[in-house]
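Trainee:
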DNA sequence: CAAAATATGTCAACATTACTGACGTAATTG
DNA sequence: CAATTACGTCAGTAATGTTGACATATTTTG
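Residue numbers (the working numbering), protein chains in the order written: chain B, 1371 to 1539; chain R, 1371 to 1539.
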């Protein structure tokens, strides 16, 4: 058995990489914190943010498609979606082809909030990139993509419009 | 005004970096998912994980110090801590110097679970690193550290035992 | 066309994790 | 000994998630 290998996949002598575990925890906490503060001023939480984000990114999304992305139950979605619709951040129309479906769209007000939230988070990324050299962004994307479950990776790449070639380091 | 700058910090024409936002979201979801599944078999949640993790990393931690790391209220901490103590994953002893303090330690059982959880997450990191070239780990750490709030960065570096020199790209 | 399947909405009950506020107790400090 | 500190606990509330059951509108199928 090779000792000191970089992968340390063996079950015997593996040493936890505490630094990465804790960095990921703190980085994500501060990342979502940006959005949390803005959402609070509207009386919204993270659940509202996720719904607003994916509807704004994929206008015309149906309830079923949204549930599949968020992986929550329809009862759970319904509460936050109802609030977003009641306060005119999102609009639901009967499906164009199949009227049983409801297609979701952001209103101008909803689009603006979604964009403001995304820009807050973009700002944190941009600042982080400043100290990371010219290929920092590609490297960060490759790292994050590699952290995603392998069977979900293709779907995530489609969602973000990433070409397969960009995935390689 | 410089247009097309890589930082795009200006308020006018900034374009959200959706790819990074969404990758970070999915990567973190799958990362914590590993631990969630193991914790479920013990009837524990993420709150228990965080407590167990930091106590195992810093034996002798007091309640106040733990609250400061987790940034939750003592009432919130108390419930999960009580369960972890009741099921002998964590032990609380009166403070060595000041008996008002309670110092927290993991039991052998608690250490084992903490280690298993950390190894699950380490495994995901290790696999991710395989496709990222030899300096993937340093690059990932630099990226994540740069994503942390600047005023928290020093403290996080101390916690993970990172020297200042390693922070530069 | 009637029956079945599909997409969604809704009601009820419950769990986890967080919060605020108030009060109690033990130990230390001045 | 009085004040402060560290912690525990009780009560009430909120956000987000769950399961299960049932209603409604629409489309598809036999």
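Glycine residues also receive a C-beta, built at the ideal position from the N, C-alpha and C atoms.
As the structure is a prediction and not an experimental result, all values here were calculated from the model.
On the criterion of 16 or more Cβ atoms from any shown chain inside 10 Å, does residue 1512 (chain R) qualify as buried, or is it exposed?
Mentor: Classification of residue 1512 (chain R): buried, given that the 10 Å Cβ count is 16 or more.
Trainee: Examine chain B for any beta-carbon lying closer than 8 Å to the beta-carbon of residue 1386 (chain R), and answer yes or no.
Mentor: Yes, because at least one Cβ of chain B sits closer than 8 Å to the Cβ of residue 1386 (chain R).
Trainee: When Cβ atoms are compared, which residues of the region 1476-1503 of chain R fall closer than 8 Å to chain B?
Mentor: For the region 1476-1503 of chain R, which is checked against every Cβ of chain B, the residues closer than 8 Å are 1485, 1488, 1489, 1491, 1492, 1493, 1494, 1495, 1496, 1497, 1498, 1499, 1500, 1501, 1502, 1503.
Trainee: Taking the alpha-carbon positions, what's the residue 1399 (chain B) to residue 1488 (chain B) distance?
Mentor: One C-alpha to the other measures close to 16 Å.
Trainee: Could you pull the DSSP bridge partners for residue 1432 (chain B) from this structure?
Mentor: Its beta-bridge partners are B:1473.
Trainee: I want to verify the contact list: residues of chain B whose CB lies under 8 Å from the CB of residue 1526 (chain R), in sequence order.
Mentor: Those within 8 Å of residue 1526 (chain R) in chain B are 1392, 1393, 1396.
Trainee: Mark residue 1445 (chain B) as exposed unless 16 or more other C-beta atoms lie within 10 angstroms of its C-beta, in which case mark it buried.
Mentor: Residue 1445 (chain B) should be labelled exposed.
Trainee: Nearest-angstrom Cα distance between residue 1384 (chain R) and residue 1526 (chain R)?
Mentor: Spanning the two alpha carbons is a distance of roughly 30 Å.
Trainee: Kindly indicate if chain B contains any beta-carbon less than 8 Å away from that of residue 1513 (chain R).
Mentor: Chain B contact via Cβ: present.
Trainee: Taking its Cβ as the centre, do 16 or more other Cβ atoms sit within 10 Å of residue 1403 (chain R), making it buried, or is it exposed?
Mentor: Classification for residue 1403 (chain R): exposed.
Trainee: Report yes if the C-beta distance between residue 1453 (chain R) and residue 1423 (chain R) is below 8 Å; otherwise report no.
Mentor: In this structure, residue 1423 (chain R) does not lie closer than 8 Å to residue 1453 (chain R) by Cβ.
Trainee: Just list the alpha helix (DSSP H) runs in the region 1436-1507 of chain B, keeping only unbroken ones of 4 residues or longer that don't cross its boundaries, in chain order.
Mentor: DSSP runs (the alpha helix (DSSP H)) wholly in the region 1436-1507 of chain B: 1444-1456, 1478-1500.
Trainee: Please classify residue 1397 (chain R) as buried or exposed, where buried requires at least 16 other C-beta atoms within 10 Å of its C-beta.
Mentor: By the neighbour-count rule (16 or more Cβ atoms within 10 Å), residue 1397 (chain R) is buried.
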